[in-house]
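If you read the sequences in order, they're chains A and B.
Once you know that position 205 of the first sequence is 205 in full-length UniProt numbering, the rest is easy, because the numbers rise by one and skip nothing.
Once you know that position 7 of the second sequence is 7 in full-length UniProt numbering, the rest is easy, because the numbers rise by one and skip nothing.
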Amino acid sequence: MVRFTAVGLRYPSPDGRAGPEALSDLTFTLPEGSFTWLLGASGAGKSSVLRLMHLAQLPTRGDLEVLDTLVRPERRAALPALRRRIGVVFQDFRLLPYLSAFDNVALPLRLAGRSESSLRPDVTEMLRWVGLQGKELSLPQQLSGGEQQRVAIARAVVTRPALLVADEPTGNLDSLQARRLLALLTQMNRLGTTVVVATHSEELVAQFPAPSLVLDGGRVVHHG
Amino acid sequence: MAERRSRYARDPLGLKRALSDRLLPGLVAAMALLAAIALAGSRGAEALKDRWQHGAAAAVTVQLPPEQAGQMDRALEVLRAMPEVASAVPVDSDRMRQLLRPWLGEVPSLPLPAVLELRLKNLALDPAPIAERLAGAVPGAELESHGIWVARLAALARSVQGVALAVLALVAGVAVAVVAVATRAGVASRRQAIEILHDLGATQGDIAGRFARRIGLLAAGGALAGAAIAVPTLAALSNLAAPLAGGEVQPWTALPWLDLALLPPVAGLIGWATAQLSVRRWLKRLP
Ligand SMILES: Nc1ncnc2c1ncn2[C@@H]1O[C@H](COP(=O)(O)OP(=O)(O)O)[C@@H](O)[C@H]1O
Ligand SMILES: [Mg+2]
Numbered sequence: 001m002v003r004f005t006a007v008g009l010r011y012p013s014p015d016g017r018a019g020p021e022a023l024s025d026l027t028f029t030l031p032e033g034s035f036t037w038l039l040g041a042s043g044a045g046k047s048s049v050l051r052l053m054h055l056a057q058l059p060t061r062g063d064l065e066v067l068d069t070l071v072r073p074e075r076r077a078a079l080p081a082l083r084r085r086i087g088v089v090f091q092d093f094r095l096l097p098y099l100s101a102f103d104n105v106a107l108p109l110r111l112a113g114r115s116e117s118s119l120r121p122d123v124t125e126m127l128r129w130v131g132l133q134g135k136e137l138s139l140p141q142q143l144s145g146g147e148q149q150r151v152a153i154a155r156a157v158v159t160r161p162a163l164l165v166a167d168e169p170t171g172n173l174d175s176l177q178a179r180r181l182l183a184l185l186t187q188m189n190r191l192g193t194t195v196v197v198a199t200h201s202e203e204l205v206a207q208f209p210a211p212s213l214v215l216d217g218g219r220v221v222h223h224g
Numbered sequence: 001m002a003e004r005r006s007r008y009a010r011d012p013l014g015l016k017r018a019l020s021d022r023l024l025p026g027l028v029a030a031m032a033l034l035a036a037i038a039l040a041g042s043r044g045a046e047a048l049k050d051r052w053q054h055g056a057a058a059a060v061t062v063q064l065p066p067e068q069a070g071q072m073d074r075a076l077e078v079l080r081a082m083p084e085v086a087s088a089v090p091v092d093s094d095r096m097r098q099l100l101r102p103w104l105g106e107v108p109s110l111p112l113p114a115v116l117e118l119r120l121k122n123l124a125l126d127p128a129p130i131a132e133r134l135a136g137a138v139p140g141a142e143l144e145s146h147g148i149w150v151a152r153l154a155a156l157a158r159s160v161q162g163v164a165l166a167v168l169a170l171v172a173g174v175a176v177a178v179v180a181v182a183t184r185a186g187v188a189s190r191r192q193a194i195e196i197l198h199d200l201g202a203t204q205g206d207i208a209g210r211f212a213r214r215i216g217l218l219a220a221g222g223a224l225a226g227a228a229i230a231v232p233t234l235a236a237l238s239n240l241a242a243p244l245a246g247g248e249v250q251p252w253t254a255l256p257w258l259d260l261a262l263l264p265p266v267a268g269l270i271g272w273a274t275a276q277l278s279v280r281r282w283l284k285r286l287p
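Have a look at this one:
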């Protein structure tokens, strides 16, 4: 479950002072096990909302509740364990360039302390699921944009997270791959994962109807 | 292939490349060599000081020839009147016999010189004028200034030891600064990777620990090399100093082996702790 209550987010401006609010007065609840499209024009604040949801950013005001935990700066020590229950597909992939596809996907499991022998089948299966069998040992620079995106997706779902956020995950995929990815995400959603996907592809939204949260200028203009 | 895979698995921040394999250990090796020389200097000065201070208890002695033994009071009066002299006391003949017994046995009939002990107000004074003035008043009186030299050497040894310890503290301080700079450079070059690990749920302790282990290892390795280079250097120095410290000392046994052995673990610990602190301070900027 994700609950925003009067949340505002202000990025520091380059001169160090507080800049304008990128997000203002966000109040909404995404129920456990829901699937939500996050929509809005470029610059509307989609990435910022997702960064709050996966705790890469803390709100500058308001209350943020993620996976039944109230997120507070004074409880920073509790955040890493919470982050490990959240899968993230970053807009810019954020793969480690000197790690193979296998090691990139295995990273969250290793951070969680999983043993090498137990994580191997999971990672291999996940790479096969996103169609990257045979590419386990390739470095990110040896992969195409779409393949890198699929590595990022495999890394996000390999821990079977309770919450999955994806920031424009189909940006580098052709329409067939995009549909396959969405099938994967809806399958995870059916297994109980709360899923939030930011996109500006109306075609994709039309193919997979679901509730949507629409942002404009850092505010929610539609939810439902 | 499996080997490569597990090697990277243990190093997701790519620290083996980010933290140069040569610069940091090279600097730490140089500092370990300096530390080893300072430590050996301090230990050596301490040994010399101990040895010389035994002799220094004798202070300055004045001998009157046996035929002038009756002039003891005159000698005391002359000496006590001198501004350079802090105190002058006669050594009584019973104590003289006691001191001499190991060498001469019981020989009560032997004529013994009359002896007095002096303390000077200032060790740096030249004792020759005192001897001249005393000899003018009591012919044949001799002043034995060996004790002054011993006391001066002991004072020198003490300051050498002080300087050596100050050098040691300085080297440790520079080591902390060097490690902090190296850590900051490593963090800067792996900034993105750190943020990715952080976003995937790595704890501060996990990230700082990876840096600290790597840097601690590099520092310990560098110190090991520095200590190894120090061994022949110190053996040569100790060879030169051996006659001053009591003669027949084998250079290998005189080396501060324990101090040398402690250099790598201490350097490793300094590196580990400094890296922990620098990385944790940097991580404060992430939520
Ligand atoms: N790191 C940042 N520092 C300062 N401003 C930012 C930062 N990230 C985003 N913004 C600002 O926040 C607003 C929303 O951006 P973003 O969340 O990336 O929107 P979207 O993902 O919908 O394109 C934009 O005005 C953008 O300039
Ligand atoms: Mg965006």
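Ideal placement from N, C-alpha and C gives every residue a C-beta, glycine not left out.
This structure is a prediction, so every number in the text was calculated from the model and none was measured.
DSSP three-state label for residue i, please.
{"i": "A/Q91", "result": "coil"}
{"i": "A/D167", "result": "strand"}
{"i": "A/E32", "result": "coil"}
{"i": "B/P113", "result": "coil"}
{"i": "A/F102", "result": "helix"}
{"i": "A/P97", "result": "coil"}
{"i": "A/F208", "result": "coil"}
{"i": "A/L132", "result": "coil"}
{"i": "A/E21", "result": "strand"}
{"i": "A/E74", "result": "helix"}
{"i": "B/G203", "result": "The question names Gly, yet the displayed sequence has Thr at residue 203 of chain B. Coil, per DSSP."}
{"i": "A/R160", "result": "coil"}
{"i": "B/R119", "result": "strand"}
{"i": "A/T124", "result": "helix"}
{"i": "B/G140", "result": "coil"}
Between which residues of its own chain and residue i is the CB-CB distance below 7 Å, once the five residues before and five after are set aside?
{"i": "B/P265", "result": "A220"}
{"i": "A/Q133", "result": "L127"}
{"i": "B/L143", "result": "V60, V62, P127, I130, A131 and L134"}
{"i": "B/M96", "result": "L112 and V115"}
{"i": "B/Q276", "result": "A208 and A212"}
{"i": "A/D68", "result": "M1"}
Beta-carbon of residue i versus every beta-carbon of chain A: anything under 8 Å?
{"i": "B/G14", "result": "yes"}
{"i": "B/A202", "result": "yes"}
{"i": "B/I194", "result": "no"}
{"i": "B/D199", "result": "yes"}
{"i": "B/P287", "result": "yes"}
Does any C-beta atom of chain B lie closer than 8 Å to the C-beta of residue i?
{"i": "A/A55", "result": "It is worth fixing the name first, because residue 55 of chain A is Leu in this sequence and not Ala. It does: the Cβ of A/L55 has a partner Cβ on chain B nearer than 8 Å."}
{"i": "A/R83", "result": "yes"}
{"i": "A/Y11", "result": "no"}
{"i": "A/P169", "result": "no"}
{"i": "A/L70", "result": "no"}
{"i": "A/R190", "result": "no"}
{"i": "A/V88", "result": "yes"}
{"i": "A/L107", "result": "yes"}
{"i": "A/R94", "result": "yes"}
{"i": "A/L184", "result": "no"}
If contacts are defined as beta-carbon pairs under 8 Å, then residue i and residue j qualify, I think. What distance do you get, rounded to the angstrom?
{"i": "B/P90", "j": "B/L76", "result": "7 Å"}
{"i": "A/S47", "j": "A/D167", "result": "6 Å"}
{"i": "B/S145", "j": "B/R119", "result": "Between B/R119 and B/S145 the Cβ distance is about 13 Å, and since that is not below 8 Å, they are no contact."}
{"i": "B/G222", "j": "B/A29", "result": "4 Å"}
{"i": "A/L96", "j": "B/P12", "result": "6 Å"}
Can you find the residues in the same chain that come closer than 8 Å, C-beta to C-beta, to residue i, ignoring five residues on each side of it along the sequence?
{"i": "A/P73", "result": "L58"}
{"i": "B/G176", "result": "Going by the sequence as given, residue 176 of chain B is Val instead of Gly. Same-chain partners within the cutoff: I270 and T274."}
{"i": "B/E84", "result": "L120, K121, N122, L125 and I130"}
Excluding the five sequence neighbours on either side, which residues of its own chain have a C-beta within less than 6 Å of the C-beta of residue i, listed in chain order?
{"i": "A/N172", "result": "G145, G146 and Q149"}
{"i": "B/L283", "result": "Q204"}
{"i": "B/A164", "result": "A38, G41 and S42"}
Please tell me whether residue i has its Cβ less than 8 Å away from any Cβ of chain D.
{"i": "A/P121", "result": "Note that chain D does not occur in the displayed structure, where the protein chains are A and B."}
For the region 80-93 of chain A and the region 155-168 of chain A, state whether three or more C-beta atom pairs, one from each stretch, are separated by less than 8 Å. yes
Contact the region 15-34 of chain A vs the region 186-196 of chain A: 3+ CB pairs below 8 Å: yes
Tell me whether the region 141-151 of chain A and the region 100-113 of chain A touch, counting them as touching only if at least three CB pairs, one residue from each stretch, are closer than 8 Å. yes
Does the region 36-44 of chain A touch the region 7-21 of chain A, meaning 3 or more C-beta pairs lie closer than 8 Å? no
Contact the region 207-219 of chain B vs the region 18-26 of chain B: 3+ CB pairs below 8 Å: yes
Taking 8 Å as the cut-off, does the region 37-52 of chain B touch the region 158-177 of chain B (at least 3 CB pairs, one atom from each stretch)? yes
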